[in-house]
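First comes the structure, then the notes that go with it.
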Ligand code: SF4
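Chains as they are written, first to last, in our numbering: chain H, 287 to 456; chain W, 54 to 603.
Encoded structure:
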């Protein structure tokens with residue numbers, strides 16, 4: 287499925303595999319060139335390991351893997367199911383520094399929200415991305431240039447800007 | 054009142070441009086109707102029975118005259134010359150065209166208004182006490198908190214795709230005029246033992262199919278912690294609320310399932326992990342509070358000779374003062390309610406002409422302020438007592454002088470079958486029939502305070518669960534059937550009404566209400582209101598007379 291981030295379409299260097307035995311309670315997404323046996327996974331370089339989680343995963347079961355995986359893909363079963371936003375936010379708050387992917391039929395209008403919640407990239411299915419050319423994603427990402435919420439990365443923050451304006455006046 | 058700074062203004066302009074672009078992409082097919090639907094809803098645009106309906110946000114129900122006048126212009130230019138004030142302290146227009154909506158939003162932005170999050174599965178427009186800033190007993194102006202929440206919740210990246218709609222109400226008085234116990238989150242401004250102002254936070258109230266009264270989530274929350282605490286509360290809901298069944302997706306269901314202790318524990322755990330920077334929020338609170346500084350009231354005696362005299366001379370005016378005027382914090386001032394419930398009218402409707410009159414009266418006599426109430430009326434919060442007679446005379450010229458606030462004819466009704474495609478029964482005509490039955494002012498005076506609320510389907514937009522008498526219109530094998538509940542209440546003693554028995558047909562329901570009211574008049578002890586009598590004698594007494602004939 288097509289993958290994109292801030293720079294536009296990007297090459298997907300990950301391969302989805304499906305393992306009979308999952309490492310943890312969620313299914314493993316992929317990593318290239320490994321055989322499909324659980325114990326070997328732990329010996330892989332962290333940069334080669336990633337996994338896919340459902341959006342009702344228990345966050346605490348994932349945390350121990352944060353240092354060992356380079357990618358977490360969060361499932362968005364429908365674009366209207368917003369649990370993934372909070373999940374991304376929690377993964378970041380709990381220390382995940384790798385790449386975070388939103389997988390599912392998310393739309394261009396959600397891209398800025400996903401970025402603000404800690405996601406780096408999106409992987410919508412063809413049926414969605416065919417209707418939404420690159421220009422739409424680029425435009426949607428810039429539609430709102432400043433937001434009100436503190437502590438969410440992304441567009442500039444209005445509260446900080448107000449404070450800066452106050453400081454200048456003082 | 055709050056005024057936009059350059060950042061608010063830019064934000065609303067960008068949001069309007071973004072919606073224009075979304076409409077374009079819908080028209081070209083880049084967005085499917087399924088994808089467009091939540092995007093238009095979170096900008097207040099519904100597809101109704103006959104046409105689109107646009108609901109605008111009126112944050113905490115507060116407006117200036119200029120804004121009301123703009124609504125009149127929109128009603129004339131894009132609708133059929135009227136607008137409908139709703140139980141969400143908002144206004145809706147029932148006939149706009151999709152292609153015009155972006156232009157309407159631009160017009161709104163001209164007067165610091167928008168339609169952001171007036172619908173959809175996101176944090177809705179925050180509601181509050183229509184007497185804010187004028188009520189004698191308030192701890193602090195709740196609009197400051199309302200504005201903090203408006204900004205914080207606007208396009209919140211994490212909470213735009215919740216399981217279901219999410220409503221927050223703020224009140225700052227013991228007497229609750231904001232119905233905080235039936236909101237997803239209810240916030241009451243209180244003082245702790247040290248005398249500091251802070252928040253009591255309720256969660257899990259709501260109406261709809263499964264009505265519930267909110268439970269206490271936090272007895273006292275320091276003011277500067279509000280936004281992170283809301284973030285924690287919403288995150289727990291967003292992660293754990295049900296998504297498989299939209300009728301079980303509200304936060305009240307989750308709170309009920311987990312129990313309030315477990316819900317609170319999860320919120321506190323989340324809250325503890327958040328980065329709080331309270332100074333920034335406190336700075337922002339102070340900045341917003343400056344806009345809500347007390348207005349320049351004129352010094353005046355508490356009693357007005359003119360007011361007293363005109364009440365003696367004009368019985369119509371005296372009746373209006375008795376019912377529609379409320380005490381003010383400032384000597385010599387009063388809070389006046391404009392009833393949008395003239396006998397025979399559609400509850401909450403106002404014509405463009407009426408809107409312009411209300412705007413002019415607010416500018417001349419109410420320090421340029423108006424409020425929309427959840428009872429679908431309009432409040433003039435700061436009227437000098439000396440000017441009340443003049444205000445009333447002006448309102449009368451446009452039929453805005455109904456002296457029935459809080460009375461049997463001050464009926465709340467949702468749009469029902471006349472406009473709403475979810476409706477199972479009519480509600481506006483039922484309200485009209487009941488109002489006509491009790492039109493006689495002497496009769497209304499005899500009955501005293503009584504709230505009747507009518508919904509045209511189980512979604513309960515007419516808040517029937519919290520009417521002293523609630524009426525729910527259902528469809529029984531193709532025939533309208535009206536179910537009656539008794540004893541509901543929205544204030545600090547909030548309660549969900551109890552079902553009295555089998556439903557009534559459209560033709561029977563007005564008679565059933567008459568029987569209930571006669572029963573009350575028979576049973577009441579001196580000075581008792583309908584609700585007090587009901588609470589004393591209970592459901593059975595009413596049930597017996599209601600079904601005796603059958
Ligand atoms: S209660 Fe039902 S009929 Fe009335 S407005 Fe709501 S959805 Fe429509």
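For every residue, glycine included, the Cβ atom is placed at its ideal position computed from N, Cα and C.
Everything numeric in this text was worked out from a predicted model, so none of it was measured.
Measure from the C-beta of residue i to each C-beta in chain H and report whether the shortest distance is under 7 Å.
i: residue 291 of chain W; result: yes
i: residue 328 of chain W; result: yes
i: residue 445 of chain W; result: no
i: residue 393 of chain W; result: no
i: residue 72 of chain W; result: no
i: residue 345 of chain W; result: no
i: residue 204 of chain W; result: yes
i: residue 337 of chain W; result: yes
I'd like to check one pair, residue j with residue i: are the Cβ atoms closer than 7 Å?
i: residue 331 of chain W; j: residue 277 of chain W; result: yes
i: residue 414 of chain W; j: residue 444 of chain W; result: yes
i: residue 140 of chain W; j: residue 427 of chain W; result: yes
i: residue 596 of chain W; j: residue 541 of chain W; result: no
i: residue 110 of chain W; j: residue 169 of chain W; result: yes
i: residue 88 of chain W; j: residue 393 of chain H; result: yes
i: residue 195 of chain W; j: residue 187 of chain W; result: no
i: residue 455 of chain W; j: residue 558 of chain W; result: no
i: residue 197 of chain W; j: residue 242 of chain W; result: no
i: residue 374 of chain H; j: residue 404 of chain H; result: yes
i: residue 466 of chain W; j: residue 484 of chain W; result: yes
i: residue 491 of chain W; j: residue 461 of chain W; result: yes
i: residue 568 of chain W; j: residue 599 of chain W; result: yes
i: residue 107 of chain W; j: residue 98 of chain W; result: yes
i: residue 92 of chain W; j: residue 71 of chain W; result: no
i: residue 114 of chain W; j: residue 142 of chain W; result: yes
Out of the options, which one is the CA nearest neighbour of residue i?
i: residue 183 of chain W; options: W:430, W:540 and W:310; result: W:430
i: residue 604 of chain W; options: W:256, W:312 and W:272; result: Examination of residue 604 of chain W is not possible in this model, given that chain W is present from 54 through 603 alone.
i: residue 469 of chain H; options: H:391, H:337 and H:420; result: Because residue 469 of chain H is not part of the residues shown, which for chain H are 287 to 456, the question remains open.
i: residue 501 of chain W; options: W:231, W:375 and W:59; result: W:375
i: residue 213 of chain W; options: W:242, W:161, W:290 and W:281; result: W:290
i: residue 233 of chain W; options: W:410, W:503, W:573 and W:265; result: W:265
i: residue 225 of chain W; options: W:589, W:311, W:545 and W:127; result: W:545
i: residue 54 of chain W; options: W:319, W:515 and W:420; result: W:420
i: residue 337 of chain W; options: W:205, W:271 and W:462; result: W:205
i: residue 431 of chain H; options: W:341, W:189 and W:208; result: W:208
i: residue 435 of chain H; options: W:127, W:333, W:320 and W:523; result: W:333
i: residue 376 of chain H; options: H:288, H:389, H:289 and H:347; result: H:347
Just the chain H side, please: which residues come within less than 7 Å of residue i by C-beta, in chain order?
i: residue 209 of chain W; result: 435
i: residue 91 of chain W; result: 366
i: residue 75 of chain W; result: 395
i: residue 333 of chain W; result: 436, 445 and 449
i: residue 159 of chain W; result: Under the 7 Å cutoff, chain H gives no residues; its nearest Cβ is about 15 Å from residue 159 of chain W.
i: residue 88 of chain W; result: 365 and 393
Run through chain W and tell me which residues come within less than 9 Å of residue i, C-beta to C-beta.
i: residue 371 of chain H; result: 210, 211, 212, 213, 214 and 291
i: residue 432 of chain H; result: 60, 63, 64 and 67
Below 8 Å on C-beta distance, what does residue i contact in chain H?
i: residue 82 of chain W; result: 417
i: residue 296 of chain W; result: 367 and 369
Could you tell me which chain H residues have their CB closer than 9 Å to the CB of residue i, listed as they occur along the chain?
i: residue 370 of chain W; result: By Cβ distance, chain H contributes nothing, its closest Cβ being about 46 Å from residue 370 of chain W, past 9 Å.
i: residue 643 of chain W; result: Shown here, chain W extends from 54 to 603; a query on residue 643 of chain W therefore has no answer.
At least one CB of chain W closer than 7 Å to the CB of residue i: is that the case?
i: residue 340 of chain H; result: no
i: residue 454 of chain H; result: no
i: residue 329 of chain H; result: For residue 329 of chain H, the pLDDT reaches just 42, beneath the cut-off of 50, and the residue's location in the model is therefore unreliable, leaving the point undetermined.
i: residue 443 of chain H; result: no
i: residue 427 of chain H; result: no
i: residue 402 of chain H; result: yes
Interface residues of chain W around residue i at Cβ under 7 Å?
i: residue 379 of chain H; result: 326
List, in order along the chain, the chain W residues whose C-beta lies closer than 8 Å to that of residue i?
i: residue 422 of chain H; result: 78 and 83
i: residue 375 of chain H; result: 211 and 288
i: residue 440 of chain H; result: 210
i: residue 398 of chain H; result: 210
Please confirm whether any heavy atom of the ligand GDP lies closer than 6 Å to the CB of residue i.
i: residue 250 of chain W; result: This structure does not include the ligand GDP; its bound ligands are the ligand SF4.
* Curious, which full-length beta strand (DSSP E) runs of at least 3 residues does the stretch 285-355 of chain W contain? -> none
* Can you list, in chain order, the stretches of the alpha helix (DSSP H) that have 4 or more residues and sit fully within the stretch 395-442 of chain H? -> 397-402, 412-415 and 420-428
* Asked: Quick one: complete alpha helix (DSSP H) runs, 4+ long, within the stretch 120-185 of chain W?
  -> 154-163
* Scan the stretch 55-105 of chain W and note each continuous alpha helix (DSSP H) run of 4 residues or more that stays entirely inside, going in chain order. => 59-81 and 86-94
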